[in-house]
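The next block holds one structure in the form of C-alpha cells; read it before the comments.
Written as C-alpha cells, this is what we have:
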C-alpha cells in the first residue's frame, strides 16, 4: 500500500479539506492537521481492510497519528 | 382537562425579549431561495411531479414508478450539493442534511449575520426533523446485508439521526450556544420555532431554527405510503386538494426552511438588514386518546397562541392551515378555525398544496409565506381547489390570483400524526428596515 493509495482512500472516505494540499509531503503530518478526525480514520481503516485485507484494530487506529505510522503498520502486517 | 399543554405561554414575564425573524433560507419543491419560492407560490407553480425510480440529476435513488401505489411527490430540483457543501462533508451527510446546510447558509446571508464576528456562545441552533437521513441509511443497511458490517460507513452513526441537521449547522458555523432538535412529525417545525424563541428569551440572542426533510428513496417512500394518508391520484394538479370535496389524502414532499431568529435589540445592535416579523405567539397541545370522546387539541393551541401574542382573533388577517388533505382531519381543522374566528371569519390558505406536505419542513416554510404575505399584503391562493363543503364554514382562498389584504398578523398551524398540534402567531414589524440609518460621515 502506497501513500497514493492512502490519499485516494482518505478522500473517498472523508473528503478533502480545501485548506490542505494532500498532494504535498504529508508523510509526517498529523492526520488532525490534515483535517481528518477519529471517525474519518476509522472509516479509512475499514476501507483498507476491505481493499488490502489488513485489519487495523480500533484501539490501534487512535495510535496511528500520521500517514507514515499508518503505512508502516499496514506494511508490517502479514496477511494470511 | 381536555388535553395536555406541552408548551404554554408563561414566558412573557418580566420584559421577555422580542424575538424577530431576520433571515430566510428556503429549499422548496417549487423554488430555491425565499424570493423564488414566494414568486412561484404567488404564480401557483407546483413542485409536485411523478417520482422516477432512476432519480433525477444527482443520481439519488427514488421510490416511485409503476411498482408503487403512490407516484407523486414534491421534489426539489436544481439543487447540486457539490456547489454548496464542502467536500469534507459529502461522505458524512444525507441529502436532507445537505439541503439543511444550504438553507442555513442562505438564511445567514439573508440576515447578514456573520457567525465568525459574533461570540460563539451567543448563537444556537434548534431544528426539527421527522424522518432522519433515510437515503443514507437505505444505502448503508443494504451494504450491511449484502457485504457485511465492516463495510457500513462510520458516518451512519449520526447521518441517519433527527438531530444531525442541528449538529452539522452548529459545527459548520461555530455556534456553541443552546442546540436542540424537536420531533413531532408535521408539528415539529413550529415547535422548533417556539423552542428557539425560548432560547432567545433565556439569553441566547441569535438562533438558527426551522426544519428540512428528504426521504424519497425507495425505503423512505414505502414508509410514507405506510401512513395510509397519501393520495393515490396520479395527476399532479388533482392529487392534493385539502379542504375540498375531492380531498383524498396528501402528497409528501422534500425541503423546508431555515430561519434566523434573534433578540430584536441584539439584531439591531449587530446591524441586521431587515426584520421580517415577530414570533409573537406560540403554543402546542396534544390530542386526547382516540375514542376518548374529548375534542382534538387544535382549537386550544390556536387560543393559547393568540393569548400568548396578546392578539384578538379579529387581528389575524390570514391563517396558513395544516391542510392535511384527509377528510376527517380537514374537518377537524376547519371546525377549530371556525370556532375561534367565526364562520368564514378569516381567509385560510394552504400553499403546501404546491409543495406537498414536508413534515418538519412545512411549518417553517409556511412561516416564510406568512412573513412575505405580511410584507407584500397578499395571500397566496390554493390553485386547482374544488368546492369546499359548506359545513367546513371556512373562507379558503382559491383560484389563480393572490388575494390582496392589509395584514398585521398571521397564524400558522401544523398538526403531526400521533396527536401533535402547534400554532404560531406572527406580527408584522413596525419598521421592516431594521437598522436606524447610520449617520453619514
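Residue numbers (the working numbering), protein chains in the order written: chain A, 1 to 80; chain B, 1 to 441. Heads up, the beta-carbon is just placed ideally off N, CA and C, and yes, glycines get one too.
Segment limits, beta strand (DSSP E) that includes residue i
i	result
residue 422/B	420–427
residue 509/B	The question about residue 509/B has no answer here: the residues shown for chain B are numbered 1 through 441.
residue 137/B	It is not in any beta strand (DSSP E) - residue 137/B instead sits in the alpha helix (DSSP H) that spans 134–147.
residue 281/B	277–286
residue 49/B	48–50
residue 71/A	That residue, residue 71/A, is in no beta strand (DSSP E); its alpha helix (DSSP H) goes 67–76.
residue 182/B	179–182
residue 73/B	72–74
Own chain residues within Cβ distance below 7 Å of residue i, not counting five before or after
i	result
residue 41/A	31, 61
residue 40/B	30, 31
residue 8/B	For residue 8/B, the predicted structure reports a pLDDT of 38, less than 50, and the residue's modelled location is therefore unreliable. A value from the coordinates is still provided. Once the five neighbours on either side are set aside, the close Cβ partners of residue 8/B are 283, 304.
residue 438/B	Low per-residue confidence applies at residue 438/B: pLDDT is 44, beneath 50, and the placement is therefore not dependable, though the value from the model is reported in the following sentence. Cβ within range, chain order: n/a, list empty.
residue 359/B	130, 131, 185, 186, 213
Per DSSP, cross-strand counterpart(s) of residue i
i	result
residue 209/B	126/B, 259/B
residue 248/B	Answer is none; residue 248/B lacks a bridge partner.
residue 320/B	349/B, 412/B
residue 25/A	DSSP output for residue 25/A lists no bridge partner at all.
residue 61/A	Partner(s): none; residue 61/A has no beta bridge.
residue 433/B	274/B
residue 379/B	403/B
residue 253/B	74/B
residue 31/B	28/B
residue 398/B	382/B
residue 357/B	252/B
residue 230/B	250/B
Local Cβ density within 10 Å of residue i, reported as buried at 16 or more and exposed below that
i	result
residue 53/A	exposed
residue 440/B	In this prediction, residue 440/B has a pLDDT of 38, which is less than 50 and means its spatial position is unreliable; nothing more can be read from the coordinates.
residue 125/B	buried
residue 6/A	buried
residue 469/B	As shown, chain B starts at 1 and ends at 441. That puts residue 469/B outside it, with no answer to give.
residue 150/B	exposed
residue 400/B	exposed
residue 221/B	buried
residue 146/B	exposed
residue 99/B	buried
residue 458/B	Coverage of chain B is limited to positions 1 through 441, which leaves residue 458/B absent and any answer about it impossible.
residue 128/B	buried
residue 46/B	buried
residue 247/B	buried
residue 292/B	exposed
residue 78/A	exposed
residue 350/B	buried
Residue i CB to nearest heavy atom of the ligand COA below 6 Å
i	result
residue 105/B	Inclusion of the ligand COA in the displayed structure is not the case, the ligand content being empty and no account of it being possible.
8 Å CB neighbourhood of residue i in its chain, flanking five on each side removed
i	result
residue 378/B	42, 402, 403, 404, 405
residue 18/B	263, 264, 265, 278
residue 118/B	206, 270
residue 458/B	Look at the range of chain B in this structure, 1 to 441, and you will see that residue 458/B is not part of it.
residue 340/B	299, 302, 303, 306, 313
residue 9/A	44, 47, 48, 51
residue 230/B	70, 224, 249, 250, 251, 252
residue 52/B	62, 64, 65
residue 60/B	95, 135, 216, 217
residue 133/B	93, 94, 95, 96, 97, 159, 160, 161, 164
residue 408/B	315, 317, 374, 427, 428
residue 22/A	7, 10, 11, 16, 34
Where the alpha helix (DSSP H) containing residue i begins and where it ends
i	result
residue 487/B	As shown, chain B starts at 1 and ends at 441. That puts residue 487/B outside it, with no answer to give.
residue 337/B	327–341
residue 44/A	38–52
residue 225/B	218–225
residue 158/B	156–159
residue 191/B	188–201
residue 60/B	Per DSSP, residue 60/B belongs to no alpha helix (DSSP H) and is neither H nor E.
residue 82/B	First-last for residue 82/B: undefined, no H or E at that position.
residue 236/B	236–239
residue 3/A	3–14
Same chain, Cβ closer than 6 Å to residue i, neighbours up to 5 away in sequence not counted
i	result
residue 112/B	273
residue 4/B	With a pLDDT of only 41 at residue 4/B, under the threshold of 50, the placement of this residue in the model should not be trusted, and no figure is reported.
residue 384/B	237
residue 334/B	392, 394
residue 106/B	25
residue 343/B	393
residue 121/B	176, 177
Any C-beta of chain D under 7 Å from that of residue i
i	result
residue 150/B	Within the model displayed, chain D is absent; protein chains A and B are what it includes.
Return the residues of the region 37–66 of chain A that lie within a Cβ-Cβ distance of less than 7 Å from chain B, sorted by chain order.
Here the close residues are 39, 42, 43, 46, 49, 50.
Cβ-based contacts, 8 Å cut-off: residues of the region 85–103 of chain B near chain A
Only those residues of the region 85–103 of chain B whose C-beta falls short of 8 Å from the nearest C-beta of chain A are listed: 86, 87, 88, 89, 90, 91, 92.
Taking a Cβ distance cut-off of 7 Å, strictly less, list which residues of the region 2–36 of chain A are near chain B, in chain order.
Flagged, chain order: 13, 14, 15, 16, 17, 18, 35.
Residues within the region 391–407 of chain B neighbouring chain A, beta-carbon criterion of under 9 Å
Residues passing the 9 Å Cβ filter: none.
Chain A contacts made by the region 210–235 of chain B, where a contact means CB separation under 7 Å:
Taking 7 Å as the Cβ-Cβ cut-off against chain A, none of the residues of the region 210–235 of chain B qualify.
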